[in-house]
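Worksheet for the structure shown next.
Numbering (my numbering), first residue to last: 497 to 1139.
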């Protein structure tokens, strides 16, 4: 497949990266299995074959990046992700006049609250029955935003004070060094997260191993000295003072039985591996059988003393998933910009990844997160780190409208997938990548819609006095109905070449519109199989009363694409897109032949097909599958009122 790539060196990962010093080879890709390839540089034919080869595509795709204004994106996601998201986590504009942000950040309070209200409503409908809504804010809008959340049927779980440990000196009044994190939930419960003490211990050991380049006694001694100084750690946490040869942290626990054992086998002493002499047996005997003890010794889970005078103890490893209740004060002085500097990216401001990992660690199963103020992609970065740390297969949805979507956000996700650590834009290690697939979409903007409105030409002109009213109330409704932005039904006979004029960098270009993907989202289809685009020619037979039937054969005249999936109501659905010719009788005969060629065509409950057809005539007695026109359904869904 590497031979099929079209693009310049450096474009394979993202359009904003530097070129490779040498052309990529198959051998290089085999040695770097976690390098993220952008399929936009492959041919359409190859992409169709690639996606068509994957079963349960939506389940395997773990990331979704949407380049769009967030209100429109949230609207698009309603059918597909309603009650499917575990956590909404956002860092919206704080509505202050602070400089350095890439978006408007000084609305009237009422305008800002109106903007937030609509988006909170849309996002809340995506939450499942265990959903959490986490929102960052500062003192400027904290009280008003808290009251706003009270209108959205979410339980108050509390507010976290983020102590940034860096006061903003020089301002009037008291120097501020904190922000707020509003936490609302779908139901009342304790919010448990990953223990920060555990994270600190693991990070300290990791840095020491990196410092010395090997796991030796110097690493172990320095770690023990560091551990003693941690005043915020509990006594139990401080017992994890040992490091094994693989860098894992553990403590020692006794193996004596809680009550006296009468069976002699529980009193058999263990022999010291060096001296060969018997070690002391616990007064009540061992808590485990001789066979179990032998297995523990074999697995290097038992630690002996320097000689036989010390009672052997068992290793108890530090659990990465150990939880404790998240508290109302969180201290983190790290700079989010430092993470971006390491990746070689530039962005004026971002939160620290460590804080996001702390907040999102409440998820103790594979869940979906969404951030519709994605900025530089800190949420996505944190989710990928959690995947590494926990092996949960989390999914994330990131929505961002700025140009930095291409230059910062998307490259950041690709880089963090490939390697956990970076420095000066280069990976520190190439063996820390993870297997990950993410999809990115670009939605039509408001400006794109305006640029694609086309009016029918008229010879007569309206009087000036009523032109404005006419334009607003009639022309958009009636005379611009064939515009691409309003879905020109007549052009759905060629769905694979539907285009709109898209303005970028002051230049308007015709761009292909993915009607297939758009329709999937409009009906909320969870895609199980997206078949590759296929094409046929056909031989036609005219039967009694002029009925036309077709026999498919190799060729390129008739094109079909089928998508299988599940609708929000649980029904199994088949969506069939086809390219029409000028003869609808022949087109429908070919459609019938194509449908009959599908081994599972009759197993679906709902079938969608573009353009008028007679597919229902193939339904046999006892079958109840339905056929609806994509044309009608798509237009209805595009302009229906959102709940």
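Heads up, the beta-carbon is just placed ideally off N, CA and C, and yes, glycines get one too.
{"Item": "Of the residues 1025, 1102 and 1017, which one's Cα is nearest the Cα of residue 578?", "Value": "1017"}
{"Item": "Compare the Cα-Cα distances from residue 1118 to each of 1133, 1108, 1101 and 1110 and report the closest residue.", "Value": "1101"}
{"Item": "According to DSSP, is residue 716 part of a helix, a strand, or is it coil?", "Value": "helix"}
{"Item": "What's the C-alpha gap between residue 895 and residue 1121?", "Value": "37 angstroms"}
{"Item": "Beta-carbon within less than 8 angstroms of residue 955's beta-carbon, same chain only, minus the 5 sequence neighbours each way: which residues are those?", "Value": "With a pLDDT of 49 at residue 955, under the threshold of 50, the modelled position of that residue is not reliable, and the figure given next carries that caveat. None."}
{"Item": "Could you check the C-alpha separation between residue 1037 and residue 1081 for me, to the nearest Å?", "Value": "11 angstroms"}
{"Item": "For the candidate residues 699, 646 and 563, whose alpha-carbon lies nearest to that of residue 936?", "Value": "563"}
{"Item": "Considering just the uninterrupted stretch of the beta strand (DSSP E) at residue 1032, what are its terminal residues?", "Value": "1030 to 1038"}
{"Item": "Buried or exposed for residue 1069, going by 16 or more other Cβ atoms inside 10 Å?", "Value": "buried"}
{"Item": "Using DSSP bridges, identify the partner residues of residue 774.", "Value": "767"}
{"Item": "Can you name, in chain order, every residue of its own chain whose Cβ lies under 7 angstroms from the Cβ of residue 1057, other than the five neighbours on each side?", "Value": "1012, 1027, 1029 and 1073"}
{"Item": "Find out if the Cβ-Cβ distance for the pair residue 1004, residue 997 is shorter than 8 angstroms.", "Value": "yes"}
{"Item": "Which of the three DSSP states is assigned to residue 1132 in this structure?", "Value": "helix"}
{"Item": "Report the residue ranges of all alpha helix (DSSP H) runs contained in full by the segment 1001 to 1084; include only those spanning at least 4 residues, in chain order.", "Value": "1011 to 1018"}
{"Item": "Could you tell me whether the segment 573 to 587 touches the segment 907 to 916, where touching means 3 or more Cβ pairs closer than 8 angstroms?", "Value": "no"}
{"Item": "Out of 1066, 1083 and 876, point me to the one whose CA is closest to residue 1035's CA.", "Value": "1083"}
{"Item": "Should residue 1130 and residue 1015 be called a contact, given that it needs their Cβ atoms to be closer than 8 angstroms?", "Value": "yes"}
{"Item": "Looking only at its chain, what residues have a beta carbon closer than 8 angstroms to the beta carbon of residue 1023, apart from the 5 residues adjacent to it on each side?", "Value": "553, 554, 1016, 1059, 1060 and 1061"}
{"Item": "What's the gap between the Cα of residue 671 and the Cα of residue 660?", "Value": "12 angstroms"}
{"Item": "Expressed to the nearest angstrom, what Euclidean distance is found between the alpha-carbon atoms of residue 1112 and residue 544?", "Value": "28 angstroms"}
{"Item": "Decide if the segment 850 to 860 is in contact with the segment 685 to 699; the criterion is three or more beta carbon pairs, one per stretch, under 8 angstroms apart.", "Value": "yes"}
{"Item": "Put residue 940 into one of helix, strand or coil per three-state DSSP.", "Value": "coil"}
{"Item": "Thinking just about the alpha-carbon of each residue, which of 1025, 1136, 1093 and 1104 is nearest to the one in residue 551?", "Value": "1025"}
{"Item": "Which parts of the segment 684 to 750 are runs of the beta strand (DSSP E), unbroken and 3 residues or longer, counting only runs that do not cross its ends?", "Value": "688 to 690 and 745 to 749"}
{"Item": "My output table needs one value for residue 900: the three-state DSSP class, helix, strand or coil.", "Value": "helix"}
{"Item": "Would you report the Cα separation of residue 734 and residue 723, rounded to the nearest angstrom?", "Value": "6 angstroms"}
{"Item": "Please state if the CB of residue 884 and the CB of residue 457 are separated by a distance shorter than 8 angstroms.", "Value": "The requested residue 457 does not occur in the structure, where the chain is confined to residues 497 to 1139."}
{"Item": "I need the boundaries of the alpha helix (DSSP H) containing residue 912, first residue and last residue.", "Value": "906 to 914"}
{"Item": "Between the alpha carbons of residue 1103 and residue 1096, how many angstroms are there, rounded?", "Value": "12 angstroms"}
{"Item": "Under the assumption that residue 890 contacts residue 879 (Cβ atoms under 8 angstroms), give the Cβ distance between them as a whole number of angstroms.", "Value": "5 angstroms"}
{"Item": "For residue 749, collect the residues of the same chain with a Cβ closer than 7 angstroms to its Cβ; drop the 5 residues on either side in sequence, then sort them by chain order.", "Value": "809, 810 and 812"}
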